[in-house]
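Be aware that the sequence shown starts at 1, since it is given in this note's numbering, and climbs by one per residue. From the three backbone atoms N, C-alpha and C, an ideal C-beta is built for every residue, glycine too. For reference, the structure discussed in these notes is given below.
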Amino acid sequence: MHSPAPFADLLRRLHNIVRTGTVAEVDLTTVPALVRVQLVDGEDDSPGVRTDWRPWIELRAGDTRTWNPPTVGEPVICFSPSGELGGAYVLPGVSSASNPAPSDSPGKTVTKYPDGAVVEYDHAAHAMAVTLPAGGKATVTAPAEVRVITDLATLDATHTDILGSCTVRGPFAYQSGMTGQAGEGGGASAVITGTIETTVDVIAAGISLSSHTHGGIERGSQNTDAPGGGA
Numbered sequence: 001m002h003s004p005a006p007f008a009d010l011l012r013r014l015h016n017i018v019r020t021g022t023v024a025e026v027d028l029t030t031v032p033a034l035v036r037v038q039l040v041d042g043e044d045d046s047p048g049v050r051t052d053w054r055p056w057i058e059l060r061a062g063d064t065r066t067w068n069p070p071t072v073g074e075p076v077i078c079f080s081p082s083g084e085l086g087g088a089y090v091l092p093g094v095s096s097a098s099n100p101a102p103s104d105s106p107g108k109t110v111t112k113y114p115d116g117a118v119v120e121y122d123h124a125a126h127a128m129a130v131t132l133p134a135g136g137k138a139t140v141t142a143p144a145e146v147r148v149i150t151d152l153a154t155l156d157a158t159h160t161d162i163l164g165s166c167t168v169r170g171p172f173a174y175q176s177g178m179t180g181q182a183g184e185g186g187g188a189s190a191v192i193t194g195t196i197e198t199t200v201d202v203i204a205a206g207i208s209l210s211s212h213t214h215g216g217i218e219r220g221s222q223n224t225d226a227p228g229g230g231a
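Take a look at the structure:
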């Protein structure tokens, strides 16, 4: 027969292979970063032992790597090979009443951040939404090229800065006026190749193209005076 001691050790190991608990401490300064878990004990979920510092399981940790550290109070599962808690790996991401899922929709994938930012994709509606809190900023850095391909693009901003040159290959329309000036190198403010048509008037230096007048009119070979008025 087996002695009581080996049998008790076997039961302990079996009990510790899979344990549940919550994150008690987080240390992000180590490599790898580590957590300690407050395990629950028994069917009544009463507090059990607190583990030693152990790594958690990320989505990827090879050539592709992810970083999304657990937070204190987050429900987790500890997997301990051979039933030894000293060799446990911590799997975060267990939803609970105090840490509910950010959505209950079967058609959405949602990530919600502690500052209120939300990244959501609705594969039923084919719609993606990225929502940042007040003061939020977004930066896309692509040294070679950024290309957006769509039937309609709407940029809703109080002010838009384009820091480099801009080429519009299709028809260009504006509805609230246009102003401009020459660049730092001087020269003309605008150079247009081709015909300009206007339905009202063109005013240059305060002189109307369509209604200005000339003084000094006299039949013969003399030229008229410079145009004046009409604006």
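Asked	Found
Please name the residue or residues paired with Glu184 in a DSSP beta bridge.	DSSP lists no partner for Glu184.
Using the C-alpha atoms, what's the distance from Ala157 back to Val72?	38 Å
Measuring alpha carbon to alpha carbon, tell me which of Gly116, Ala97, Glu120 ends up nearest Gly107.	Glu120
Compute the Euclidean distance between the alpha carbons of Ala125 and Thr109, then round it to the nearest angstrom.	12 Å
So the candidates are Ala142, Arg36, Leu10, Asp122; which of them puts its Cα closest to the Cα of Thr20?	Arg36
How would you label Val90, buried or exposed, when you count the other beta carbons within 10 angstroms and need 16 or more for buried?	buried
If we call anything under 8 Å between Cβ atoms a contact, is Val40 one with Ile77?	no
The alpha helix (DSSP H) spanning Arg12 covers which residue range?	4-16
For Asn68, count neighbouring Cβ atoms within 10 angstroms of its own Cβ and tell me buried if that reaches 16, exposed if not.	exposed
Check whether the Cβ atoms of Arg12 and Gly83 lie closer than 8 Å to each other.	yes
Please determine, among Arg147, Leu59, Ser105, Trp53, the residue with the shortest C-alpha to C-alpha distance to Pro93.	It is Gly, not Pro, that sits at residue 93 in the sequence shown. Looking at the Cα atoms, Leu59 is the closest of the given residues.
In the DSSP assignment, find the unbroken beta strand (DSSP E) run with Gln38 in it and report its ends.	34-41
Go ahead and pull the three-state DSSP assignment for Pro81.	helix
Using 10 angstroms around the beta-carbon of Val23, count the other beta-carbons present and answer buried if the total reaches 16, otherwise exposed.	buried
As a quick exercise: from Pro75, Lys112, Ile57, pick the residue whose alpha carbon is nearest that of Ala97.	Pro75
Our contact map puts Ser189 next to Ala182 with C-beta atoms below 8 Å; I'd like the distance itself, whole angstroms only.	5 Å
I'd like the list of long-range same chain contacts for Leu209, defined as Cβ closer than 8 Å, with 5 residues on each side in sequence excluded.	Asp201, Val202, Ile203
Shortest alpha-carbon distance to Thr271 belongs to which of Ala8, Thr51, Pro55, Ala5?	There is no way to answer for residue 271, as the model of the chain reaches only from 1 to 231.
Where does Ala88 land, buried or exposed, given buried means 16+ other C-beta within 10 angstroms?	buried
Mind checking whether Val140 and Val146 have CB atoms under 8 Å apart?	yes
What does DSSP give as the partner residue(s) for Gly54 in the beta ladder?	Strictly speaking, residue 54 in this sequence is Arg, with Gly absent from that position. According to DSSP, which records beta bridges pairwise, Arg54 is partnered with Val35.
Output yes or no for whether 8 Å exceeds the beta carbon distance between Lys112 and Pro100.	no
Hey, could you find the ends of the beta strand (DSSP E) Ala129 is sitting in?	127-131
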